[in-house]
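For the sequence shown, position 140 (counting from the first letter as 1) is numbered 245 according to the numbering used here, and the numbering increases by one without interruption. Scroll down for the structure; my scribbles are underneath it.
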Amino acid sequence: EPGVVQTLRVFRLLKVLRISRLIRFVQKAMAWSLLLSVRFAVQIVPVVFIALLMLHLLACIWFVIGTKGPSDTDRRWIDIFGEDLEQSSVVYQYFTALHWTVAQMTLGSTDVISVTSLERFYNVVLLIIALLSGSTLISVVSAEVVQLVMLKEDKMVKLSNLRRFLLQESVPAKLSAKVQRQAMDRLEQQSPIMEDTVSSVDTLSRSLRLELLYATRIPHIVQHPLFRTWASIDMNAVEGLCQKAVSFKFLRVEDDLFLQGEVATAAYMISDGLLDYVEHDHKSVPAEDRRSSPEASSWQQDVPVAGEGTLVETGAWVCEAALWCHWTHIGRLTAVWPCKIMVVKTEGLLQVFSQQWTIRSVTLTYAKNYHQRVVQAVPPHAQWPNDVKVPNTDASDLLSRDVDIELLKIAVQHGSVDLNPDEQANLEVELS
106 EPGVVQTLRV
116 FRLLKVLRIS
126 RLIRFVQKAM
136 AWSLLLSVRF
146 AVQIVPVVFI
156 ALLMLHLLAC
166 IWFVIGTKGP
176 SDTDRRWIDI
186 FGEDLEQSSV
196 VYQYFTALHW
206 TVAQMTLGST
216 DVISVTSLER
226 FYNVVLLIIA
236 LLSGSTLISV
246 VSAEVVQLVM
256 LKEDKMVKLS
266 NLRRFLLQES
276 VPAKLSAKVQ
286 RQAMDRLEQQ
296 SPIMEDTVSS
306 VDTLSRSLRL
316 ELLYATRIPH
326 IVQHPLFRTW
336 ASIDMNAVEG
346 LCQKAVSFKF
356 LRVEDDLFLQ
366 GEVATAAYMI
376 SDGLLDYVEH
386 DHKSVPAEDR
396 RSSPEASSWQ
406 QDVPVAGEGT
416 LVETGAWVCE
426 AALWCHWTHI
436 GRLTAVWPCK
446 IMVVKTEGLL
456 QVFSQQWTIR
466 SVTLTYAKNY
476 HQRVVQAVPP
486 HAQWPNDVKV
496 PNTDASDLLS
506 RDVDIELLKI
516 AVQHGSVDLN
526 PDEQANLEVE
536 LS
């Protein structure tokens, strides 16, 4: 049936889109991109809702007291209205009770009066609640309004300075409009909280700050096979890497992580978000070398066309080649969704490598093998390497035999394995 086929196609499409991940991206995009006025409304709506809910509950209690509560005067507040209120609709009875409740909370007027001791007591309780909560509610709303006004004024000042600058520099009208439009969007968005801007962290002890730093970085860094191997060999090396080389970077929509032609100084792991990688041209091999190659005709069809993008999703490593060789970006990586990026700086990695002898052999083997794959990635035998992918860089091949040998050495040193020197040497030969 055509309808069944179309339904199956829809379900297949939903599976491809990974709805759960899409929802998470939308939530983060809204959290980072809400307009100032919308954020104000989002913050005020819960307060108003709680206030209305409280008024509803208090009105219901007042109505129950008036119909079924004990009386020491042989009458209740509802008796003052006689049969008119009793014969009225439920809606009218409810709003009569709600009117009285709102009047008590706002010091307004009403024709309903208390005629029993319980009703008087309830009346006094509501007046005390109104005295305390009313001023609090007004303070909260006033503070939000003042903050909104200040943010609006700050935005207008920044936009005014931007327009003056563009006019002063005689920027072309088309570019000027583009700059102002993006600036207006960015000023309306909520910036993510950067770690170094959280002043409360500075009040913590150094040991607790380091514990917090490890907790935020280690779960991400050990997703890489090499650094996961580091963790199994020497956790101190991973902690040193987190201190000296690892940081986080946040990108808004349309932010560029790097541009073509820039010298790479770090590798990146997409902790959260979605990016678009566009490779403009191959820079790994000079153009004259490609033209002069006798095999050029056999691999020209593999050269990507400028503008064809590749989506880079959460968990992907980008520009790892920068850690193991001199690398220049050959494309542009742009955020499609708000992104959280883990940055691993090459300089910090080299410092840890030089100081931690326990992971030196494994890292050296991995680096040599990776560099060799980069050099050998030449068509027609392999695709040209780019910032997103280097052919034939499977971790199991890059780590090779050194991992087992290093783990054996660590186990012997810690006493987990009881071997004499000759037995250890023979076992290392077998593993190699």
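In this text, a Cβ means the ideal position worked out from N, Cα and C, and glycines have one as well. Note that the structure is predicted; figures quoted are calculated from it, not measured.
Between V284 and A371, the C-beta spacing is not below 7 Å.
Contact holds between the region 170 to 179 and the region 208 to 226, because three or more Cβ pairs, one in each stretch, are under 8 Å apart. Pairing Y471 with L504 gives a Cβ-Cβ distance under 7 Å.
The C-beta distance from V441 to L379 rounds to 5 Å, short enough to fall under 8 Å.
Per DSSP, the unbroken beta strand (DSSP E) holding E384 starts and ends at 380 to 384. In the DSSP secondary-structure assignment, V417 is bridged to L380. DSSP places V449 inside the beta strand (DSSP E), whose first and last residues are 444 to 450. Per the Cβ contact rule, the region 155 to 163 is in contact with the region 196 to 211 (3 or more Cβ pairs under 8 Å). V351 is not a Cβ neighbour of R314, given a cutoff of 7 Å. Counting only the Cα atoms, I166 lies some 37 Å from Q252. In this structure the region 334 to 344 lies against the region 456 to 463, because at least three pairs of beta carbons, one per stretch, are closer than 8 Å. R291 is not bridged by DSSP to any residue. Closest in C-alpha terms to P490, from the list V303, V479, D499, comes V479. Around the beta carbon of I375, 16 or more other beta carbons lie within 10 angstroms, which makes this residue buried. Under the 10 Å beta carbon count, A320 is surrounded by fewer than 16 other beta carbons and is classified as exposed. DSSP, reduced to helix, strand and coil, places I155 within a helical segment of the structure shown.
Going by DSSP, R314 is part of the alpha helix (DSSP H) stretching over 311 to 326. The Cβ atoms of V383 and R437 sit closer than 7 Å to each other. With contacts defined as CB atoms closer than 7 Å, D361 and G414 fail to qualify as a contacting pair. For P443, the number of other beta carbons within 10 angstroms of its own is at least 16, and it is reported as buried. Counting only residues of its own chain and dropping the five nearest sequence neighbours on each side, N497 has a CB closer than 6 Å to the CB of R478.
A contact between stretches requires three or more CB pairs, one per stretch, nearer than 8 Å, and the region 420 to 428 meets this requirement with the region 448 to 459.
Every alpha helix (DSSP H) of 4 residues or more that sits fully in the region 154 to 208 is shown, in chain order, as 188 to 191.
Annotation: the continuous alpha helix (DSSP H) that includes R465 extends over 465 to 481. The Cβ atoms of V457 and G366 do not sit closer than 7 Å to each other. It is roughly 55 Å from the alpha-carbon of S296 to the alpha-carbon of I183. Assigned with DSSP and collapsed to three states, I149 falls in helix. In its chain, beyond the 5 residues on either side, H204, W205, A208 have a beta carbon closer than 6 Å to the beta carbon of T215. Of the residues P485, V358, K473, the one whose Cα lies closest to the Cα of T439 is V358. When the alpha-carbon of R180 is set against those of S194, A282, S219, A164, the nearest one is in S219. Shown here for G420: not one same chain residue has a beta carbon closer than 6 Å to its own, the five before and five after excluded. Checking the DSSP bridge columns, you'll see L438 partnered with F363, Y382. Collapsing the DSSP output to three states places K354 in a strand.
In the displayed model, T370 falls within coil according to three-state DSSP, outside both helix and strand.
By the criterion of a C-beta distance shorter than 6 Å, L331 is surrounded in its chain by Y471, once the five residues flanking it on both sides are discounted.
In the three-state reduction of the DSSP assignment, I234 falls in the helix class, which pools H, G and I.
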